[in-house]
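**Student:**
Protein chains: 2
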Amino acid sequence: MSEITIKDVARICGVGVSTVSRALNNHPDINPETRDKILSVIKENNYIPNNSARNLKRQDAKAIAVLVKGIDNSFFNEMIKDMEAECKKKKYSLVLHHVGFMEDQVDAALELVKEKRLRGIVFLGGYFENNEKKLEQLHVPFVLSTAGAVPTSYSRNLYSSVCVDDEKESYKMTDYLIRQGHHNIAIIYEKGMTESISMLRLRGYQRALSDHGIPVREELMLATRPDIKDFSLENGYAVTKDFLQKKIECTAIYAISDIMAIGAGKALAEEGLRVPEDMSLAGFDGVNIGGYVNPSLTTIKQPGEKIAQETMKLLFDMILKKAECQHKIFDGELVVRGSTRCI
Amino acid sequence: MSEITIKDVARICGVGVSTVSRALNNHPDINPETRDKILSVIKENNYIPNNSARNLKRQDAKAIAVLVKGIDNSFFNEMIKDMEAECKKKKYSLVLHHVGFMEDQVDAALELVKEKRLRGIVFLGGYFENNEKKLEQLHVPFVLSTAGAVPTSYSRNLYSSVCVDDEKESYKMTDYLIRQGHHNIAIIYEKGMTESISMLRLRGYQRALSDHGIPVREELMLATRPDIKDFSLENGYAVTKDFLQKKIECTAIYAISDIMAIGAGKALAEEGLRVPEDMSLAGFDGVNIGGYVNPSLTTIKQPGEKIAQETMKLLFDMILKKAECQHKIFDGELVVRGSTRCI
DNA sequence: TTGTAAGCGTTATCAA
DNA sequence: TTGATAACGCTTACAA
């Protein structure tokens with residue numbers, strides 16, 4: 001009943017353990033006949049090598065990890081499959097690991113690198129403030145992907161990064177709404193660290209208003225509720241519901257994520273407000289679902305596929321060619337759909 | 344530069360490695376002063392224990408794993424956080440592992456059990472046909488959660504399970520639509536193994552029609568496209584688009600997942616058909632987003648939270664109390680919302 | 001309360 | 001082409 005090990009396989013085959021190991025790892029220096037025999041014994045006896053033992057001993061695990069902040073971020077999920085594809089091309093295995101909202105991504109990375117002997121890391125999303133020292137301990141190349149939240153004080157040679165310019169893209173959306181005649185634009189954002197993605201997008205909104213000579217009004221800046229999951233449908237809904245009670249003059253609501261915008265849409269519907277006739281509604285990210293709701297959602301589409309591919313390119317350049325750290329910024333695309341209108 | 348190990352920590356502290364290990368694992372038989380000193384040295388030197396080595400040696404890793412089929416299933420993602428909560432109560436750690444569409448869940452489980460010395464497994468979703476022998480090799484208790492697709496030939500003492508009766512619930516939805524006056528009801532389903540969840544739901548649909556004396560018509564049974572991701576927005580959309588071209592008489596479309604129903608909704612909108620005035624639309628699962636689209640989606644709500652909790656209860660009963668295998672079936676709830684109407 | 005030493009199941013080294 | 005054997009970094013008897 002106790003699990004079978006490489007020693008048992010060796011004994012059954014009448015060979016040494018190293019020969020079994022060679023068969024297992026496709027080493028060239030083994031007689032094809034012996035290898036086939038060993039492989040068939042392995043199959044018959046359902047032997048499965050212990051990965052902990054392998055990782056412990058092995059020096060060259062051709063593997064990288066993608067550490068994703070949060071578990072149900074549609075935008076990230078759409079990117080992951082692109083990363084897996086790129087990784088496969090390089091014959092590396094990709095360890096996917098989700099880190100909870102309260103966990104520290106860098107701690108998780110540090111642990112994982114030791115455990116699996118990883119050669120590189122991708123951080124998908126997340127915050128990196130007050131973490132420079134820990135990041136320095138990460139002795140493998142890493143790329144911050146779609147994680148705008150890196151303090152400018154960090155050395156640019158510490159890491160690579162790929163993202164959109166969140167402030168600029170948010171400016172683009174706000175500017176568009178203003179040009180459509182909207183002056184009272186509410187924004188749904190998440191209060192956070194200065195360099196968090198949400199705060200960058202808030203700054204873009206504020207700057208666009210200022211550039212158009214429109215005062216930035218406190219009562220139109222709707223912070224999400226800390227007691228509800230961040231960036232969720234529920235949060236967008238709750239915030240908007242509260243806002244609408246106050247009857248503040250407003251012709252457009254811009255949520256800094258599509259999912260929250262969809263949540264806001266429900267609150268609008270419940271209050272009898274039609275989109276876009278009574279209220280324009282806009283999001284950010286460009287997740288698939290935004291194109292499927294009714295009316296479909298005007299948004300800033302991040303080029304997820306490009307970002308994913310470039311992320312892997314930078315990572316493998318650093319791993320394989322010892323390339324320097326690089327910082328790529330992609331443009332987002334303003335996608336105008338049915339949820340906004342000119343007034 | 345090379346990574347620091349427990350030996351280094353021991354050397355720096357001037358103690359033996361076992362003492363460091365004791366400090367690390369909160370063993371009671373250690374002098375609090377030595378422990379504090381060791382802990383501070385660990386912190387200063389950023390020592391992180393190697394999990395592979397720990398797993399290899401440790402016999403009693405209080406850990407279970409949840410193996411999830413697919414990465415962006417909203418319904419599963421909503422359940423996972425409930426499972427994590429239950430697990431925390433038992434002071435077990437929960438290893439979350441996603442298995443791709445082409446991978447075999449049981450193989451992944453077998454590997455993971457060895458690697459992490461797991462005490463139990465939850466399979467969330469997936470198919471288990473032609474896998475009985477492999478499942479038998481899994482020498483830890485496991486629960487199939489929301490995985491209706493178990494051949495009836497399998498021994499009931501092999502595993503526990505928690506789910507809804509997919510055929511019955513699907514019957515419930517179809518019966519409801521019929522009672523609303525719909526006779527030409529199209530169903531969007533996925534062709535698959537006889538016992539797959541999708542086929543069970545299809546059978547419920549067929550049985551309801553028959554029971555009402557309505558013929559089951561081939562041209563109203565819309566199989567998803569194999570070239571598009573299964574259960575996706577895109578698939579629901581594509582299938583519906585094709586269907587509408589054919590101008591087949593029909594007053595209701597029932598998709599066996601909410602996400603596909605939402606996809607179908609877009610195709611309807613594009614063809615100028617209003618929901619529910621021109622076409623009723625229904626889904627299955629009861630994911631959050633269904634309550635946020637416009638009109639909100641009529642669906643069968645699976646009690647995800649209850650299922651998650653019961654799954655963990657059964658698993659821990661088996662692990663801790665050596666309880667027998669059990670098979671629980673929960674009722675789904677017909678949630679009537681704005682997307683369907685009486686004709 | 002602490003230290004020594006024996007594994008855990010592999011892979012890597014080296015000699016045969 | 002093979003087989004002993006020494007690591008890998010940790011936990012845990014057992015001895016002190």
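Residue numbers (my numbering), protein chains in the order written: chain A, 1 to 343; chain B, 344 to 686. All residues carry an ideal CB built from backbone N, CA and C; glycine is no exception.
1. When you compare the CB of B/Asp-415 with every CB in chain A, is at least one pair closer than 7 Å?
2. How would you list, in chain order, the residues of chain A whose beta-carbon sits under 7 Å from the beta-carbon of B/Ala-396?
3. Return the chain-ordered list of same chain residues with a C-beta closer than 7 Å to the C-beta of A/Thr-299, the five sequence neighbours on each side being excluded.
4. For B/Phe-586, name the three-state secondary structure that DSSP assigns.
5. With a threshold of 8 Å on Cβ separation, who are the neighbours of B/His-555 within its own chain once the five nearest residues in sequence on each side are excluded?
6. For A/Arg-341, does the count of other Cβ atoms within 10 angstroms reach 16, so buried, or fall short, so exposed?
7. Helix, strand or coil: which one does DSSP assign to A/Glu-78?
8. May I ask which residues mark the beginning and end of the alpha helix (DSSP H) holding B/Gly-547?
9. Can you tell which of B/Val-483, B/Ser-498, B/Gly-359, B/Thr-537 has the C-alpha that lies nearest to the C-alpha of B/Ala-452?
10. Does DSSP put A/Gly-291 in a helix, a strand or coil?
11. When DSSP labels each residue in this structure, what does A/Ser-161 get in the three-state scheme?
12. Can you tell me the Cβ-Cβ gap for A/Ser-296 and A/Gly-338, rounded? I've got them flagged as a contact below 8 Å.
13. For A/Phe-243, count neighbouring Cβ atoms within 10 angstroms of its own Cβ and tell me buried if that reaches 16, exposed if not.
14. For A/Arg-201, count neighbouring Cβ atoms within 10 angstroms of its own Cβ and tell me buried if that reaches 16, exposed if not.
15. By the 10 Å Cβ neighbour count, where 16 or more other Cβ atoms means buried, how is B/Arg-499 classified, buried or exposed?
16. Applying the 10 Å Cβ sphere with the 16-neighbour rule, what's the burial state of B/Ala-661?
17. So which residues of chain A does B/Gly-469 contact, with C-beta pairs closer than 8 Å?
18. What would DSSP say about A/Thr-34, mapped onto helix, strand or coil?
19. CA-CA distance, B/Ser-361 and B/Glu-346?
20. Which residues bound the alpha helix (DSSP H) around B/Lys-649?
21. Taking only three categories from DSSP, how would you classify B/Leu-301?
22. On the criterion of 16 or more Cβ atoms from any shown chain inside 10 Å, does A/Gln-302 qualify as buried, or is it exposed?
23. The ligand COA and A/Arg-201: does the residue's C-beta get closer than 6 Å to at least one heavy atom of that ligand?
24. Leaving out five residues before and five after A/Ile-12 in sequence, what residues of the same chain have Cβ atoms less than 8 Å from its Cβ?
25. Between the stretch 279-306 of chain A and chain B, which residues of the former have CB atoms less than 9 Å from a CB of the latter, in chain order?
26. Counting C-beta neighbours from all protein chains within 10 Å, is the total for B/Ser-488 16 or more, i.e. buried, or is it exposed?
27. What number of angstroms, rounded off, separates the C-alpha of B/Ile-530 from the C-alpha of B/Asp-621?
28. Alpha carbon to alpha carbon, how far is B/Asp-450 from B/Ala-666?
29. Which residues does DSSP pair with B/Ser-436 in a beta bridge?
30. For a cutoff of 7 Å on Cβ pairs, would you count B/His-670 as touching chain A?
31. Listed in chain order, which residues of the stretch 190-205 of chain A have Cβ atoms closer than 8 Å to some Cβ of chain B?
32. Count the CB pairs spanning the stretch 396-408 of chain B and the stretch 576-596 of chain B that are closer than 8 Å, and state whether there are at least three.
33. From A/Pro-226, A/His-183, A/Gly-192, pick the residue whose C-alpha is nearest to that of A/Ile-214; which is it?
34. Alpha carbon to alpha carbon, what distance is there between B/Val-465 and A/Ile-64?
35. Could you work out which residues of chain A lie near B/Gln-402, taking near to mean beta carbons separated by less than 9 Å?
36. So does the stretch 21-41 of chain A actually touch the stretch 67-81 of chain A, counting three or more Cβ pairs closer than 8 Å?
**Tutor:** Short version:
1. yes
2. Leu-56
3. Asp-258, Ala-282, Gly-283, Phe-284, Asp-285, Gly-286, Gly-290, Val-335
4. helix
5. Asp-518, Ile-521
6. buried
7. helix
8. 540-554
9. B/Val-483
10. helix
11. strand
12. 5 Å
13. buried
14. buried
15. exposed
16. For the sequence presented, residue 661 of chain B should be read as Met rather than Ala. By the neighbour-count rule (16 or more Cβ atoms within 10 Å), B/Met-661 is buried.
17. Under the 8 Å cutoff, chain A gives no residues; its nearest Cβ is about 17 Å from B/Gly-469.
18. helix
19. 19 Å
20. 647-664
21. Nothing in the structure corresponds to residue 301 of chain B, since chain B is present only between 344 and 686.
22. buried
23. As for the ligand COA, it is missing from this structure, which has no ligand bound.
24. Val-41, Asn-45
25. Asn-288, Ile-289, Gly-291, Tyr-292, Val-293, Asn-294, Pro-295, Ser-296
26. buried
27. 17 Å
28. 25 Å
29. B/Ala-406
30. no
31. none
32. no
33. A/His-183
34. 26 Å
35. By Cβ distance, chain A contributes nothing, its closest Cβ being about 11 Å from B/Gln-402, past 9 Å.
36. no
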